[in-house]
Amino acid sequence: MAASSSPITNTITAPDAVFLTGGTGKVASRIAPLLQAAGIPAIIASRSGHTPPGSGYTGVRFDWDDRATWEPALVASTQKHGGLSAVFLVMPGMPDPGPAAAAFADLARARAGAKRFVLLSASSVEEGGPAMGQVHAVLRERGERGEIGWAVVRPSWMQENFATQETHLKSIREENKVYSATGAGKIPWVSAGDVAAVAFAGLTAPEPPNRDFLVLGPELLSYGDIARTLTEVLGREIAHGDISEAELARRHQGFGLPAQYAAILAAMDTAIKNGSEDRLNDVVLQVTGRPPRRLRDFVEENKAVWKPTYTEYGEQQCENLSRTFPYMDKFTHLIASPLRRTIKTCLQSFGPGVARGTQIVLLPDLQQFSQATCNVRSEPEKLRLDGAFPEREHEQREARAQDALKWLYSVSGSAGDDDHIVVVTHGVFVNVMLKDEESFLGASFGGSRSIGPSSSVIPTTPHLTPVSIETDESKQWRGALPGLLVTWGSQQR
0 MAASSSPITN TITAPDAVFL TGGTGKVASR IAPLLQAAGI PAIIASRSGH
50 TPPGSGYTGV RFDWDDRATW EPALVASTQK HGGLSAVFLV MPGMPDPGPA
100 AAAFADLARA RAGAKRFVLL SASSVEEGGP AMGQVHAVLR ERGERGEIGW
150 AVVRPSWMQE NFATQETHLK SIREENKVYS ATGAGKIPWV SAGDVAAVAF
200 AGLTAPEPPN RDFLVLGPEL LSYGDIARTL TEVLGREIAH GDISEAELAR
250 RHQGFGLPAQ YAAILAAMDT AIKNGSEDRL NDVVLQVTGR PPRRLRDFVE
300 ENKAVWKPTY TEYGEQQCEN LSRTFPYMDK FTHLIASPLR RTIKTCLQSF
350 GPGVARGTQI VLLPDLQQFS QATCNVRSEP EKLRLDGAFP EREHEQREAR
400 AQDALKWLYS VSGSAGDDDH IVVVTHGVFV NVMLKDEESF LGASFGGSRS
450 IGPSSSVIPT TPHLTPVSIE TDESKQWRGA LPGLLVTWGS QQR
């Protein structure tokens, strides 16, 4: 499996496009801009059929589980670009994808003139083995018959898994743990960007590689090493939860994976424990001309992803609010700022209401921009680059607060007399939003004081951000509108 001695360069000049299945996934989404930079049209095939606004890519709806989508996706591609030079295959999580891959390859050749197929497989899966190993065998067989050119990209485990897979992301954020059944086994963690670069070469080289590429990162690291790196970069202790293969399979099933596929993944961890991934090579350097990316660099660049949604203190606040909120069985509307923390506040603090069918409505105007990192659990410099946080001046915040309040009153005006509305936003923003409202006159969001005729702030536990309640008397005083209940995301401590 020796690599070529010099970087593979793209020399395709034909206008034919490259069809990317799994088009919005970790690897295909990184291949698309490489194709675009090389002047090669990219077809983004996904279940939604959507592409990023302004990307210039062509999007088509494609679902491996719905064969009725296959031919229309290929026809749409040929109508726009005249044909396909290559297809990137990302198979779904099924035990035996070989028949589906073979059927689609034959269809792509017949309907779109596809000449080359590049499969995303895995370092742990040999040709003829389970899952992608079956597809690997299909491609070689078709290639040996002279029907197609082919390549198989077999990356080791990807660094991005820690930031995108719910199993890892949730446990790091909420438990300060990363789970595996690998023991002290080591893995050459590889960047999805490096995998995409190798796949791009396989898709666009002047001659098809007709081989597989074992794509490995630059260093061997155990899950314990990963936990130590996360600890150093994030500034809080992250531990490796070393569990059994059976326990890991159950965890995977708990996150929605089919039992058979969960068992396959868990068994891979046992293989790693026994040394299956203990290897390095220079494929990335040889194919792309640059060394592979280190995992620590990835963690440094993406550290904001693993910030906890709540601290332990924040969890206690949600528990207390859920226990003491007096209108839990009465509220009919739940409106929130569209941030992760405020959404979680809705789910944890007002869970009974959500469980009985109350939907969470996300209102962008309820967002608060602040230099205080604790308000949104994101670094200020990151927020300045995010289009969801355009506000820069106090006047803009005030205008937005008034727009939010008008919208809330319109909802209140159209609701029934017995309806109650809960709004989850941020403390400073509540002050800005309600400062000129006579019905909330005298409001004190730090304690218990009158906020209008016969209305009050319900006191809770010490330091818990209180819930502002408008009573029936206050409602009648300002025009018999339904009650407006306001709470907000608590500060992190």
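Throughout the sequence shown, residue numbering follows numbering that gives the first Met the number 0, covering 0 to 492 in sequence.
We put the CB at the ideal spot given by N, CA and C, even for glycine.
* Does the count of Cβ pairs from the region 213–231 and the region 183–193 closer than 8 Å reach three? -> As far as the Cβ criterion goes, the region 213–231 touches the region 183–193, which means the pair count is three or higher.
* Asked: By how many angstroms is the C-alpha of Lys169 removed from the C-alpha of Ala238?
  -> The straight-line gap separating the alpha-carbon atoms of Ala238 and Lys169 is approximately 14 Å.
* **Inter-residue spacing [alpha-carbon to alpha-carbon] between Asp81 and Ala111** => Reading off the sequence, residue 81 comes out as Gly, not Asp. Rounded to the nearest angstrom, the two C-alpha atoms are 8 Å apart.
* To do: Find out if the Cβ-Cβ distance for the pair Phe18, Val86 is shorter than 8 Å.
  => When the beta-carbon positions are compared, Phe18 and Val86 come within less than 8 Å of each other.
* Asked: When the Cα atoms are used, what is the spatial distance from Gln158 to Arg295?
  -> Distance between the alpha carbons of Gln158 and Arg295: 9 Å.
* Inter-residue spacing [alpha-carbon to alpha-carbon] between Ala16 and Thr228 -> Taking the straight line joining both Cα atoms gives about 41 Å.
* Asked: Which residues in the same chain have their Cβ closer than 7 Å to the Cβ of Phe103, if we skip the five residues on either side of it in sequence?
  -> Setting aside the 5 residues that flank it on each side, Phe103 is surrounded in the same chain by Trp69, each with a C-beta closer than 7 Å to its C-beta; the list follows chain order.
* **Beta bridge counterpart(s) of Ile334 as assigned by DSSP** => Note: Ile334 sits in a beta bridge opposite Val360 and Val422.
* Length of the line joining the Cα atoms of Ser54 and Gln35 -> Near 9 Å, if we compare the C-alpha coordinates of Gln35 and Ser54.
* Over what stretch of residues does the beta strand (DSSP E) that includes Ser179 continue unbroken? -> DSSP places Ser179 in the uninterrupted beta strand (DSSP E) bounded by Lys176 to Ser179.
* Asked: By Cβ distance below 6 Å, which residues in the same chain neighbour Leu404 in space, the five residues on each side in sequence not counted?
  -> Excluding its 5 nearest sequence neighbours in each direction, Leu404 has C-beta neighbours in its own chain below 6 Å: Met432, listed in chain order.
* To do: Using 10 angstroms around the beta-carbon of Val74, count the other beta-carbons present and answer buried if the total reaches 16, otherwise exposed.
  => Of the other Cβ atoms in all chains shown, fewer than 16 fall within 10 Å of the Cβ of Val74; this residue is therefore exposed.
* To do: Could you name the residues that DSSP lists as bridge partners for Ile42?
  => Under DSSP, Ile42 shares a beta bridge with Phe18 and Thr57.
* Asked: Which word fits Lys79, buried or exposed, when buried means at least 16 other C-beta atoms lie within 10 angstroms of its C-beta?
  -> Counting Cβ neighbours within 10 Å, Lys79 comes out exposed, since fewer than 16 surround it.
* **beta strand (DSSP E) segments (min. 3 residues) lying fully within the region 276–358** => Listed in chain order, they are 332–335.
* Below 8 Å on the Cβ atoms is my guess for Thr166 versus Lys272; work out the distance and round it to an integer in Å. => Not quite, the Cβ-Cβ distance comes to about 18 Å (not below 8 Å), so this is no contact.
* To do: Enumerate in chain order the residues of its own chain whose CB-to-CB distance from Ile147 is below 6 Å, with the five nearest sequence positions on each side excluded.
  => Cβ within range, chain order: Phe116 and Arg141.
* To do: Indicate the three-state DSSP secondary structure (helix, strand or coil) for Ala204 in the structure shown.
  => Looking at Ala204 - three-state DSSP - the assignment turns out to be coil, as it is neither helix nor strand.
* For Gly298, which residues of its own chain have a beta-carbon under 6 Å away from its beta-carbon, when the five flanking residues on both sides are left out? -> Note that residue 298 corresponds to Val in the displayed sequence, not to Gly. So the qualifying residues of the chain are Thr228 and Val232.
* Gly82: CB within 7 Å of a non-hydrogen atom of the ligand FMN -> With respect to small molecules bound, the structure shown includes none, and the ligand FMN cannot be examined in it.
* CA-CA distance, Ala31 and Pro291? -> Here the C-alpha atom of Ala31 lies approximately 19 Å from the C-alpha atom of Pro291.
* 8 Å contact criterion, which Thr287 and Ala354 should meet: CB distance rounded -> That belief does not hold up - the Cβ atoms of Thr287 and Ala354 are roughly 51 Å apart, past 8 Å.
* Spell out the partners DSSP gives Ile186 in its beta bridges. => Paired residues: Leu220.
* When Gly38, Leu264, Ala44 and Ala270 are compared against Gly24, the one with the closest alpha-carbon -> Taking only the C-alpha atoms, the option nearest Gly24 is Ala44.
* Count the C-beta pairs between the region 86–102 and the region 127–135 that are closer than 8 Å, then say yes if the count reaches three, no if not. => The region 86–102, when compared against the region 127–135, does touch it at the 8 Å Cβ threshold.
* **Meets three-Cβ-pair contact criterion under 8 Å: the region 400–414 and the region 312–324** => Result no; under three Cβ-Cβ pairs closer than 8 Å.
* Looking at C-alpha atoms only, which residue of Gly21, Gly38, Thr57 and Ser28 is the closest neighbour of Asp64? -> Per the C-alpha coordinates, the member of Gly21, Gly38, Thr57 and Ser28 positioned closest to Asp64 is Gly21.
* To do: Would you list, in sequence order, the uninterrupted alpha helix (DSSP H) runs of no fewer than 4 residues that lie entirely inside the region 250–279?
  => As summarised for the region 250–279, the continuous alpha helix (DSSP H) elements at least 4 residues long and confined to that stretch are 258–272, given in chain order.
* What are the complete beta strand (DSSP E) segments, minimum 3 residues, inside the region 115–150? -> List check, beta strand (DSSP E) in window: 115–119.
* Asked: Going by DSSP, which residues form a beta bridge with Met157?
  -> Answer by DSSP bridge pairing, in chain order: Val189.
* **8 Å Cβ cutoff met for His419 and Thr331** => Inclusion of His419 and Thr331 in the CB contact set at 8 Å is warranted, their separation being smaller than that value.
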